[in-house]
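Remember, our numbering sits 31 above the position in the sequence shown when you count from 1. We treat Cβ as the ideally placed atom computed from N, Cα and C, and that holds for glycine. Only a predicted model underlies this, so the values are computations on that prediction, with no experimental measurement involved.
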Amino acid sequence: MRYRRIFWGLLLLLAAGGVLADGPSVNASHVWIREAPPGTEVMAGYLTLTNRTNHVLTLDRITSADFGEATLQRGTGQNVKENMQTVKALALPAHASVTLGTGGDHLVLMHPAKTFHVGDFVTLTITFSDGSSLSILAPVRRSPPPG
C-alpha cells in the first residue's frame, strides 16, 4: 500500500513538472541576418517572436557576442531608412506574435567582430521583462527565408 502511494505521488509530481516546464516563454521563428556589403559596420536582423505566456512581456535587451552593439530600431515617416529611432523596449502581447521585419521594427547590429557571409551564423541573446532570455543562432542570408 505504501509503495502504491509513493508511485502515484511521484507520477503526479512528474505530470505537474511537465506542465510547469513546457518550454520557453517566448519562441523565435523566421530568424535571419541580412548579409552586408564588405567593410560595412552595420547589419540588420529580422525575426518573429511569439509570447506563449498569459501576460504581456517586454523585450528589454538584445545582445550579441558577435557585435559590439545590438539595438532595436523603428523606421518612421516616408523614408524609413533615414528616419530610424531606437526602441528601448517592445511589448509582446500574451499569446501573440510580433514580427521584426524589413521596412519596420528590426534589429540593428553594429561593429561586427568579423566579416559575416551567407551561411555564417550570428549569436543573439534577447532578454525579457520576466527575467527570461532566449539565445538564438541566426543565419546570415541575402534574402528572407521562404515562408
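Would you decide whether T137 is buried or exposed? Buried here means 16 or more other CB atoms lie within 10 Å of its CB. Position 106 of the sequence shown, counted from the start, is the residue given in the question as residue 137. Going by the sequence as given, residue 137 is His instead of Thr. By the neighbour-count rule (16 or more Cβ atoms within 10 Å), H137 is buried.
Evaluate contact between the segment 152–170 and the segment 73–83, counting only Cβ atoms and requiring at least three cross-stretch pairs below 8 Å. At 8 Å Cβ cutoff, the stretches touch.
By Cβ distance below 6 Å, which residues in the same chain neighbour D53 in space, the five residues on each side in sequence not counted? Working through the sequence shown from its first residue, we reach residue 53 at position 22. Confidence in D53 is poor, its pLDDT being 48 and thus under 50, which makes the residue's placement unreliable; the coordinate value appears in the next sentence. The beta carbon of D53 is closer than 6 Å to none in its chain, skipping five residues each way along the sequence.
Looking at A125 and H86, is the spacing between their C-beta atoms short of 8 Å? What you label residue 86 is simply residue 55 of the sequence shown in a count that begins at 1. What you label residue 125 is simply residue 94 of the sequence shown in a count that begins at 1. Taking 8 Å as the Cβ cut-off, H86 and A125 qualify as a contacting pair.
Mind checking S95: buried by the 16 CB within 10 Å criterion, or exposed? If you number the sequence shown from 1, residue 95 lands on position 64. Flag for S95 reads buried.
Report yes if the CB atom of P170 is closer than 8 Å to the CB atom of W63, and no otherwise. Sequence index remark: in the sequence shown, residue 170 carries index 139 (1-based). Sequence index remark: in the sequence shown, residue 63 carries index 32 (1-based). A contact, by the Cβ cut-off of 8 Å.
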